[in-house]
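> I'd like to ask you about the structure that follows.
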Ligand code: URA
């Protein structure tokens, strides 16, 4: 067909008819974007919406293989939020974070600075148990990152404690190492939440490397002594 002979009005009408924007829009489709609901002033409602958006994830092997979602435990109004890596077998069974052996040590660590689960809020980077308790993959972490970021924004803690390198790398960056980053206050923003972040060792790591408990104790005292 000779292009010169095409009636421009007919061509425009034709493009409208076939909805060419839909067909030729070359923006990537983000099928993962499930977190983009507006936050209201109601924390409980926001947490409920966040949980529902995680529960509605599609095509997620972690979700398919897990028994339960592990969303959080503790007091949503606490000024201290702790974030671990991902649920293990016990957590998957009970639907609560840190209820296994690592959780028992975490409870002791909290008790050492006069805290307990009613005084803090706890979640994980990943909300479903990775099979065989393996470390979550980078792809899995990327997929769940918008949810934990929103979770932090909703809780709006004054202190954010990252337990271990998975939580640290996911939320602070991949270029950092825990041996250099632990025991320091870092000011960070997650959405509208401005918070003081501290990184410490994961309790499961401390069970394997008890000699590092003295470093974790330094970090715990920093949390205890922080003016909030
Ligand atoms: N380890 C984690 O990082 N999170 C849990 O919930 C349990 C063990």
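Numbering (the working numbering), first residue to last: 10 to 237. A virtual CB, placed ideally from N, CA and C, is assigned to each residue, including glycine.
If you check the beta carbons only, do residue 140 and residue 64 fall under 9 Å apart?
Residue mapping note: residue 140 aligns to position 131 of the chain shown, counting from 1. Residue mapping note: residue 64 aligns to position 55 of the chain shown, counting from 1. Contact flag unset, no.
> Write down every uninterrupted run of the beta strand (DSSP E) in the stretch 119-204 whose length is 3 residues or greater and which is fully enclosed by it, in chain order.
Runs of the beta strand (DSSP E) inside the stretch 119-204: 130-133, 168-172 and 194-199.
> Helix, strand or coil, according to DSSP, for residue 208 in the structure here?
Position 199 of the chain shown, counted from the start, is the residue given in the question as residue 208. Correct three-state label for residue 208: strand.
> Where residue 184 and residue 206 are concerned, what is the direct C-alpha to C-alpha distance, given to the nearest angstrom?
For the purposes of this step, residue 184 is taken as residue 175 along the chain shown, with counting starting at 1. For the purposes of this step, residue 206 is taken as residue 197 along the chain shown, with counting starting at 1. Going by the C-alpha atoms only, they are around 17 Å apart.
> Going by DSSP, what residues sit across from residue 83 in a beta bridge?
On the chain shown, position 74 is the one that residue 83 refers to. In the DSSP output, where bridge partners are listed per residue, residue 83 has 130.
> Please state whether the Cβ-Cβ distance between residue 46 and residue 136 is less than 9 Å.
The sequence position of residue 46 within the chain shown is 37, counting from 1. The sequence position of residue 136 within the chain shown is 127, counting from 1. The answer is no: Cβ separation not under 9 Å.
> Less than 6 Å between C-beta atoms, sequence neighbours within five positions excluded: which residues of the same chain meet that for residue 199?
Stepping through the chain shown from its first residue, residue 199 is reached at position 190. The answer, listed in chain order, is 158, 161 and 162.
> Between the C-alpha atoms of residue 214 and residue 164, what's the straight-line distance to the nearest angstrom?
Within the chain shown, residue 214 is the residue found at index 205, counting from 1. Within the chain shown, residue 164 is the residue found at index 155, counting from 1. If I take the Cα positions, the gap works out to 26 Å.
> From the DSSP output, which residues share a beta bridge with residue 93?
Residue mapping note: residue 93 aligns to position 84 of the chain shown, counting from 1. In DSSP, residue 93 forms a bridge with 133.
> For the alpha helix (DSSP H) containing residue 18, name the first residue and the last one.
Mapped onto the chain shown, residue 18 falls at position 9. Start and end: 17-27.
> I'd like to know whether the C-beta atoms of residue 208 and residue 232 end up nearer to each other than 9 Å.
Numbered from its first residue, the chain shown carries residue 208 at position 199. Numbered from its first residue, the chain shown carries residue 232 at position 223. Taking 9 Å as the Cβ cut-off, residue 208 and residue 232 do not qualify as a contacting pair.
> Once DSSP output is grouped into helix, strand and coil, what is the label at residue 106?
Numbered from 1 along the chain shown, position 97 holds the residue referred to as residue 106. Three-state DSSP puts residue 106 in coil, outside helix and strand.
> Relative to ligand 1, what is the chain-ordered list of residues with a Cβ closer than 7 Å to any of its non-hydrogen atoms?
My final list is 79, 93, 94, 95, 96, 97, 100, 106, 107, 109, 111, 112, 133, 172, 173, 211 and 213.
> Quick one: Cα of residue 236 to Cα of residue 191, how far?
Residue mapping note: residue 236 aligns to position 227 of the chain shown, counting from 1. Residue mapping note: residue 191 aligns to position 182 of the chain shown, counting from 1. Answer to the nearest angstrom: the Cα atoms are 19 Å apart.
> Below 8 Å on the Cβ atoms is my guess for residue 95 versus residue 138; work out the distance and round it to an integer in Å.
Start at 1 with the first residue of the chain shown, and residue 95 comes out as number 86. Start at 1 with the first residue of the chain shown, and residue 138 comes out as number 129. 7 Å between Cβ atoms; contact.
> Answer yes or no: do residue 134 and residue 93 have a C-beta to C-beta separation smaller than 9 Å?
Within the chain shown, numbered from 1, the residue matching residue 134 stands at position 125. Within the chain shown, numbered from 1, the residue matching residue 93 stands at position 84. Yes, the Cβ-Cβ distance between residue 134 and residue 93 is below 9 Å.
> Below 8 Å on the Cβ atoms is my contact criterion, and I expect residue 82 with residue 105 to pass it. Report the Cβ-Cβ distance as a whole number of Å.
Numbered from its first residue, the chain shown carries residue 82 at position 73. Numbered from its first residue, the chain shown carries residue 105 at position 96. That pair is a contact at about 5 Å.
> For residue 102, I'd like the list of residues in its chain whose CB is within less than 7 Å of its CB, leaving aside the five on either flank, ordered along the chain.
As a working mapping, residue 102 is identified with position 93 in the chain shown. Correct list, in chain order: 76.
> Grab me the residues of residue 218's own chain with a C-beta within less than 7 Å of its C-beta, minus the 5 sequence neighbours each way, in chain order.
For this step, residue 218 is matched to residue 209 along the chain shown. Cβ within range, chain order: n/a, list empty.
> Out of 189, 201 and 197, state which residue places its alpha-carbon closest to the alpha-carbon of residue 243.
Absent from the model: residue 243. The displayed extent of the chain is 10 to 237, so no value can be given.
> Taking the continuous alpha helix (DSSP H) assigned at residue 239, which residues delimit it?
In the structure as shown, the chain begins at 10 and stops at 237. Residue 239 is therefore absent and cannot be evaluated.
> Taking just the CA atoms, how far does residue 145 sit from residue 127?
Stepping through the chain shown from its first residue, residue 127 is reached at position 118. Stepping through the chain shown from its first residue, residue 145 is reached at position 136. Residue 127 and residue 145: Cα-Cα distance of roughly 28 Å.
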